[in-house]
Every structure is written in C-alpha cells, then in structure tokens.
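Chemist:
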Amino acid sequence: MIWGRWQAYVLTGHGGNEALKKLSFEYIKQYFQYSILEIADGKSSDKYIFERENWWKQALLTRTFGYNMN
77 MIWGRWQAYV LTGHGGNEAL KKLSFEYIKQ YFQYSILEIA DGKSSDKYIF ERENWWKQAL
137 LTRTFGYNMN
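Each number in this note's numbering comes from the position in the sequence shown (counting from 1) with 76 added on.
1. Can you find the residues in the same chain that come closer than 7 Å, C-beta to C-beta, to residue 93, ignoring five residues on each side of it along the sequence?
2. Which residue comes first and which comes last in the alpha helix (DSSP H) that contains residue 85?
3. Is it true that the CB of residue 88 sits closer than 9 Å to the CB of residue 101?
4. DSSP three-state call for residue 93: helix, strand or coil?
5. Within 10 angstroms of its Cβ, does residue 137 collect 16 or more other Cβ (buried), or is it exposed?
6. State the DSSP-derived secondary structure class of residue 122, mapped to helix, strand or coil.
Now the structure itself:
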C-alpha cells in the first residue's frame with residue numbers, strides 16, 4: 077500500500093494529491109524533501125497505518141500549514 081503511494085509521488089510529483097497538482101513537477105523536485113517518519117511492522121493492518129499517518133499529519137500540522145488536505 078505505502079510503497080505504491082510512494083511510487084506514484086516519485087513518478088508524477090503529486091501522487092494524486094490535489095494540492096500538489098497545482099505546483100509544477102520541477103518546483104516539487106527542487107524544493108520538496110520526503111522522509112520516513114516511522115517504520116511499521118509489515119503485518120500491520122491498513123487501519124493501523126492510516127491511524128499513524130493521521131497522527132503524524134496532526135503532530136506536524138500538515139493539514140493546516142502543508143499540502144495534506146485529507
């Protein structure tokens with residue numbers, strides 16, 4: 077699940093994210109940096125992964141000040 081999403085971001089620059097689609101791919105390549113913030117067990121449920129992803133979005137305020145609209 078996560079690997080496929082990361083591949084989509086690498087290939088398109090936006091991975092389907094509507095806010096990122098408004099930026100040029102060149103801008104994203106020049107100014108964006110991606111990091112792994114947490115490693116989960118490969119047997120973790122999708123529900124758990126989404127909960128952790130949402131926790132990080134809240135902790136980093138990426139919905140308010142970033143490009144995470146969901």
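For each residue, glycine too, the CB sits at the ideal point set by N, CA and C. Because the structure is a prediction, the values reported are computed rather than measured.
Modeler: Quick look at the numbers:
1. Same-chain partners within the cutoff: 143.
2. Segment 78 to 88, the alpha helix (DSSP H) holding residue 85.
3. Yes, Cβ-Cβ distance for residue 101 and residue 88 is below 9 Å.
4. Per DSSP, reduced to three states, the secondary structure at residue 93 is coil, with no helix or strand assignment.
5. Exposed: under 16 other Cβ atoms inside 10 Å.
6. In the structure shown, residue 122 falls within a helical segment according to DSSP collapsed to helix, strand and coil.
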